């Protein structure tokens, strides 16, 4: 007894495809739209925070070095 189980590729493909189609059938278009909007908003906020922190670090370094 080796303890290894052999699963055929067709079985795996069928399982993954069936699961994916079930998920797609149960997700409404409003959920997809909400997800896209929230992802875009998150990207914009992340970009703004990154730019703001970069500016703040640059300003603090100038103050520490005595530059105006």
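Numbering (the numbering used here), first residue to last: 1 to 68. Just so you know, even glycine gets a beta-carbon here, dropped at the ideal spot from N, CA and C. Keep in mind that this is a model prediction, so the values were computed, not measured.
Length of the line joining the Cα atoms of residue i and residue j
{"i": "residue 55", "j": "residue 37", "result": "27 Å"}
{"i": "residue 57", "j": "residue 13", "result": "50 Å"}
{"i": "residue 25", "j": "residue 60", "result": "52 Å"}
{"i": "residue 47", "j": "residue 32", "result": "23 Å"}
{"i": "residue 66", "j": "residue 52", "result": "21 Å"}
{"i": "residue 17", "j": "residue 27", "result": "16 Å"}
Simplified DSSP state of residue i, which is helix, strand or coil
{"i": "residue 27", "result": "coil"}
{"i": "residue 60", "result": "helix"}
{"i": "residue 66", "result": "coil"}
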